[in-house]
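According to this note's numbering, the residues represented by the sequence shown are 1 to 414, in order.
A virtual CB, placed ideally from N, CA and C, is assigned to each residue, including glycine.
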Amino acid sequence: MSTRMPLEGVRVLDFGWRAVAPLAARMLAWGGAEVVRIESSTRHDGARQMPPVVPGGEGSFNTSAWFNNFNSNKLSISLNLRHPKGKEIALRLVPLADVVVENFSGGTFERMGFGYETLRKLRPDIIMVSHSLTGLTGPWKHIKGHGPMAAAMSGMHHLSGYPDAAPINPAQAFTDYVTNPHQSAFAIMTALHHRRRTGRGQYIDMAQYESIVHMTGTAVLEYTALGRNRNRTGNRSENAAPQGVYPCKSVPLNDRIEDRWCAISVATDEEWQSLCAVLDRRELADDPRFCKFEARKQHEDELDVLIGARTAELLAEDVMLRLQEAGVAAGVVQNSKDLMDADPQMAATGHYRRVDHAETGPTVYDGPPFDLSATPLQVKPAPLLGEHNEYFFREILDLTDDEITAGYVEGAIA
């Protein structure tokens, strides 16, 4: 087992805010890259004060569980990029960096004086990644926005919901949390590999809109190739019946009663027989309305009512486990407490890590979605705002005491 992390020696300047760029950079930090958040108290990342916040930590820039989770393993320096000297100090870091990531609106970073051509003059093999809504080229490059807008533009909202109701905005901004950060991290790793082979850096325009289209499945292909405009189908699938989210027995939670649900998907006639056995509804197994897939598709409304009436008598966890054991896809609709305290898969993989943060104390963080056998990944606490100013300004940039003092006094370091 190696003590050297796979990305050790790689330095990343993270000019991001909120989610997309910080999450992409976090994946590199998990791998041992030195990721430096460039931020400022004069215009701080709003995520630094987003709830949940530890009790008593209201008003601090360092106590948001949201921010800390998204920025584990990083360092932080505070520079006011609107101040000429703050900008100058940031640019002095570029020759010492390998990767620069940002997620301002398209063209903003360049107007601030940090465009790719400017950075490439300081470090010819720099790798730069932008995460704007619609990219920096094309007729939509002027559109500003973030994850929910990209989801709507991609058609994802149109496909989400029930056939007889309006489109639904998914609970999460998929480009912010899912598609764009992971694709970006993969693109950066590919660029680092390319640079190692060729000596050349590159600019990656990671448009959020482009990254989410693939989550619409074959809908775009069906429309462009066949002229077919797919509509919303609720929880149903062309390839499964029954498929849905079914009510289960409610349970007491603190001072209230919580509804519980279980998602079930039956893909074959054999699985249908297993479902009937597990739910003790054997009379349905050979019912002509349900015994074959085509028949079940024709009677889905009746089927959902019958299954829901039975699952409502059972605990969601029992339904899930018994169906899984019988080879039927099933999963409890989980809340955060379920995931963190009761999910056996999360516990077995050690996904959640308890990390001791300087202001919040021991706090639960997400762990990497993968691990490496020879170089196990580690999760370290998020930085305090400006925590590493002294290290970078004195030891890395070799600024004098007078330069640092002037930076604070003039508001360049803030």
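Mapping the DSSP letters down to three states, classify residue i as helix, strand or coil.
i, result
"residue 220", "helix"
"residue 259", "strand"
"residue 77", "strand"
"residue 125", "coil"
"residue 176", "helix"
"residue 54", "coil"
"residue 276", "helix"
"residue 413", "coil"
"residue 264", "strand"
"residue 7", "coil"
"residue 307", "helix"
"residue 201", "coil"
"residue 331", "strand"
"residue 39", "strand"
"residue 281", "coil"
"residue 383", "coil"
"residue 363", "strand"
Taking the alpha carbon of residue i as the point to measure from, which residue in the options has its own alpha carbon closest?
i, options, result
"residue 313", "281, 299, 91 and 334", "281"
"residue 329", "368, 290 and 239", "239"
"residue 140", "78, 218, 373 and 106", "106"
"residue 156", "220, 265, 3 and 339", "220"
"residue 375", "15, 11, 32 and 17", "32"
"residue 244", "264, 230 and 256", "264"
"residue 360", "223, 48, 186 and 278", "48"
"residue 187", "24, 19, 336 and 70", "24"
"residue 98", "202, 58, 61 and 26", "202"
"residue 380", "96, 12, 307 and 34", "34"
"residue 346", "194, 356 and 370", "370"
"residue 310", "8, 279 and 11", "279"
"residue 241", "4, 301 and 44", "301"
"residue 44", "52, 55, 59 and 54", "59"
"residue 127", "198, 326 and 4", "198"
"residue 205", "191, 273 and 167", "191"
"residue 386", "78, 46, 51 and 358", "78"
"residue 19", "271, 72, 342 and 308", "72"
"residue 358", "258, 6, 57 and 46", "57"
"residue 101", "3, 89 and 116", "116"
"residue 38", "287, 253, 306 and 82", "82"
Return the CA-CA distance between residue i and residue j, expressed in angstroms with no decimal places.
i, j, result
"residue 333", "residue 232", "21 Å"
"residue 84", "residue 412", "7 Å"
"residue 28", "residue 41", "25 Å"
"residue 21", "residue 103", "6 Å"
"residue 120", "residue 76", "23 Å"
"residue 364", "residue 320", "26 Å"
"residue 407", "residue 14", "21 Å"
"residue 409", "residue 152", "46 Å"
"residue 400", "residue 218", "59 Å"
"residue 130", "residue 351", "29 Å"
"residue 136", "residue 285", "56 Å"
"residue 144", "residue 118", "23 Å"
"residue 234", "residue 164", "9 Å"
"residue 16", "residue 67", "12 Å"
"residue 348", "residue 362", "21 Å"
"residue 158", "residue 168", "7 Å"
"residue 373", "residue 178", "24 Å"
"residue 216", "residue 224", "13 Å"
"residue 154", "residue 160", "12 Å"
Excluding five sequence neighbours on each side, which residues of the same chain lie with their C-beta closer than 7 Å to the C-beta of residue i?
i, result
"residue 150", "133, 175, 208, 209 and 212"
"residue 147", "173, 174, 175, 176 and 208"
"residue 96", "11 and 396"
"residue 113", "87"
"residue 299", "289 and 290"
"residue 185", "24, 27 and 28"
"residue 222", "228 and 230"
Between which residues of its own chain and residue i is the CB-CB distance below 8 Å, once the five residues before and five after are set aside?
i, result
"residue 338", "332"
"residue 260", "247, 248, 249, 250, 251, 315, 316, 332 and 333"
"residue 268", "293"
Confirm the yes/no value for this check: CB of residue i, any heavy atom of the ligand COA, distance under 8 Å.
i, result
"residue 324", "Although the ligand COA was asked about, the structure shown includes no ligands whatsoever."
Among residues of its own chain, excluding the 5 on either side of residue i, which ones have a beta-carbon nearer than 6 Å to its beta-carbon?
i, result
"residue 383", "74, 75 and 76"
"residue 326", "274 and 278"
"residue 353", "365, 367 and 379"
"residue 237", "243"
Length-filtered (4 minimum) alpha helix (DSSP H) runs lying within the stretch 80–157 = If only complete runs of 4 or more residues are kept, the stretch 80–157 shows the alpha helix (DSSP H) at 84–93, 116–122 and 147–154, in order along the chain.
Just list the beta strand (DSSP E) runs in the stretch 228–257, keeping only unbroken ones of 3 residues or longer that don't cross its boundaries, in chain order.
-> Uninterrupted beta strand (DSSP E) stretches at least 3 residues long and entirely within the stretch 228–257 occur at 243–253, given in chain order.
Whole alpha helix (DSSP H) runs in the stretch 10–35 with 4 or more residues, listed along the chain?
-> Correct list: 20–30.
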